[in-house]
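Numbering (our numbering), first residue to last: 851 to 949.
By construction, the Cβ of each residue, glycine as well, lies at the ideal position given by its N, Cα and C atoms.
Values in this document were obtained by computation on a predicted structure and should not be read as measured data.
In what follows, a structure is listed as structure tokens, so that the remarks can point back to it.
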């Protein structure tokens with residue numbers, strides 16, 4: 851049985867608010883950032899969502915080509931995707947994969 855649509859909406863809203871709170875705390879770790887507007891936080895949140903969607907899609911495509919039966923994405927799959935995608939390498943994320 852599916853939950854009531856209002857309960858589902860409230861649950862999703864709570865998850866979004868929690869994610870925005872964490873994102874604002876991450877941004878405020880920068881000593882130059884003293885405050886962040888809601889509009890800026892929304893844009894950064896959307897950009898992070900697009901980045902993760904792109905990275906996950908690239909990772910899933912690479913895994914599907916290499917091992918068609920495997921359905922689980924592992925950390926080393928993400929590291930390989932970060933090292934091989936030219937746009938992510940140009941953004942300086944290849945070094946993140948080595949961590």
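If you draw a straight line from the Cα of residue 933 to the Cα of residue 940, it comes to about 10 Å.
Going by DSSP, residue 854 is part of no alpha helix (DSSP H) at all; its letter is neither H nor E.
The C-alpha of residue 883 is placed about 46 Å away from the C-alpha of residue 919.
The straight-line gap separating the alpha-carbon atoms of residue 876 and residue 904 is approximately 21 Å. Around residue 869, the same chain offers 895 as residues with beta carbons nearer than 8 Å, after the five sequence neighbours per side are excluded.
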